[in-house]
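Heads up, the thing below is written out as structure tokens.
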Amino acid sequence: MVNSIYGKKVGSTQVFNNAGNAIFITAIEAEPCIIVQVKDAANDGYNALKVGFGPVKEKKVTNPIKGIFEKGKLPLKKYLKEIRFDNFDKDYKCGDQIDIQIFKVGDKVKITGNSKGKGFAGVIERHNFHRGPVSHGSHNIRQPGSVGMCSSPSRIAKGKKMPGRLGGKKVTIPPTEIIDIIQDQNLILVKGSVPGPSGNLLFIKKV
Amino acid sequence: MNTIDKIESKYLRTDIPEFKSGDKVKVNIRISEENKDRIQSFEGIVIKTHGYGINKAFTVRKISFNVGVERTFLMHSPVIQSITKLNTGIVRRSKLYYLRKKVGKKAKVEFKK
Chain A
1 MVNSIYGKKV
11 GSTQVFNNAG
21 NAIFITAIEA
31 EPCIIVQVKD
41 AANDGYNALK
51 VGFGPVKEKK
61 VTNPIKGIFE
71 KGKLPLKKYL
81 KEIRFDNFDK
91 DYKCGDQIDI
101 QIFKVGDKVK
111 ITGNSKGKGF
121 AGVIERHNFH
131 RGPVSHGSHN
141 IRQPGSVGMC
151 SSPSRIAKGK
161 KMPGRLGGKK
171 VTIPPTEIID
181 IIQDQNLILV
191 KGSVPGPSGN
201 LLFIKKV
Chain B
1001 MNTIDKIESK
1011 YLRTDIPEFK
1021 SGDKVKVNIR
1031 ISEENKDRIQ
1041 SFEGIVIKTH
1051 GYGINKAFTV
1061 RKISFNVGVE
1071 RTFLMHSPVI
1081 QSITKLNTGI
1091 VRRSKLYYLR
1101 KKVGKKAKVE
1111 FKK
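Chains A and B, in that order, are what the protein sequence lines are.
Start counting the first sequence at 1; every next residue gets the next number (my numbering).
Start counting the second sequence at 1001; every next residue gets the next number (my numbering).
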């Protein structure tokens, strides 16, 4: 069975569970994906489903991409992505749909997406360093401190944590629980936060 | 109505009466022990309400054995079995933190008759 779907981050709020606890959740909108092509190990070297999803204006789609959809007589979609998985225990056809019914409440899912870009960040924000004293004439408030030894080895150790670009990278969060599924609105509510801003494209995989 | 409001609307309660800071309320709280539930009531003056939507919360203050006790509840929490408004207070501000420093008669709020 296919165990993953693409979705869009909608936003965060909190809901109550049966025990009466408020749980921080993030809503993800996952519209049904249309299967555009089925790839199998014999033909393509790996098992995957090529899926299209997301509404799009016709003039925004380039001709080569349009050709892919027209070949299967499918409606045009914004994104064209692959979902790879190992065991093909069901026959998938071009034109079939994958929707959020593959998940149920209580499942654990891994979520992948691009994180928010933070720009050039210092060591406190980037590596959780501590800051130095702010008073008594200190000039070591947000500095990284010593970065290595002296004339031997007269170089900086590889992988030394330093300031630099932070965020804007592909991130996968550890498995988190599905709290609720709203079928008619194609919404999945997962516990905790997910990468990126609202509207971010996410890949949701059942573990 | 955006999508987040729609999600929250499912969890919002409609059986909660309206009340403001200064009002005297009785809050019945559901407490679950090992395998049975019991109801505990908390009666006092609302000293603040804050937030909106599903985050709306309020704080109730009472004097218990000469010790001030405050408890904050989420307005729409299922832990609350019921809320009863007992009196309407006459107060001039929305946050009654001044009550914490008052003792005796001055720590009271006048009620409408």
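For glycine and all other residues, C-beta sits at the position ideal for the given N, C-alpha and C.
Item: Strand pairing of residue 49 of chain A, partner residues [DSSP]; Value: A:38, A:83
Item: Helix, strand or coil at residue 43 of chain A according to DSSP, with G and I counted as helix; Value: helix
Item: Local conformation of residue 64 of chain A per DSSP, three classes; Value: helix
Item: N-terminal and C-terminal residue of the alpha helix (DSSP H) that residue 131 of chain A is part of; Value: Segment: none, residue 131 of chain A is in no alpha helix (DSSP H) and carries neither H nor E.
Item: Whole-angstrom distance between residue 1103 of chain B and residue 1068 of chain B, CA atom to CA atom; Value: 10 Å
Item: Unbroken beta strand (DSSP E) run spanning residue 1063 of chain B, endpoints; Value: 1057-1064
Item: Residue 2 of chain A, buried or exposed, once every other Cβ within 10 Å from all chains shown has been counted against 16; Value: buried
Item: Residue 25 of chain A and residue 109 of chain A closer than 8 Å at C-beta; Value: no
Item: Residue closest to residue 157 of chain A, alpha-carbon to alpha-carbon, out of A:165, A:164, A:148, A:163; Value: A:148
Item: Any chain A beta carbon closer than 8 Å to residue 1052 of chain B; Value: no
Item: Three-state secondary structure assigned by DSSP to residue 1040 of chain B; Value: strand
Item: Test: residue 1077 of chain B CB closer than 8 Å to a CB of chain A; Value: yes
Item: Cα-Cα separation between residue 1094 of chain B and residue 1020 of chain B, rounded to whole angstroms; Value: 8 Å
Item: Where residue 16 of chain A meets chain B, residues with beta-carbon distance less than 9 Å; Value: 1011, 1054, 1074, 1076, 1077, 1078, 1079
Item: Assigned exposure category for residue 150 of chain A - 16 Cβ within 10 Å defines buried; Value: exposed
Item: Minimum C-alpha distance to residue 27 of chain A - residue among A:116, A:129, A:111; Value: A:111
Item: Straight-line Cα distance separating residue 1053 of chain B from residue 1101 of chain B; Value: 31 Å
Item: C-beta neighbour in chain A for residue 1033 of chain B, strict 8 Å; Value: no
Item: Residue closest to residue 1110 of chain B, alpha-carbon to alpha-carbon, out of B:1024, B:1089, B:1099, B:1097; Value: B:1089
Item: Backbone secondary structure at residue 183 of chain A - three-state DSSP; Value: helix
Item: Residue-chain proximity (residue 105 of chain A, chain B), Cβ-Cβ < 8 Å; Value: no
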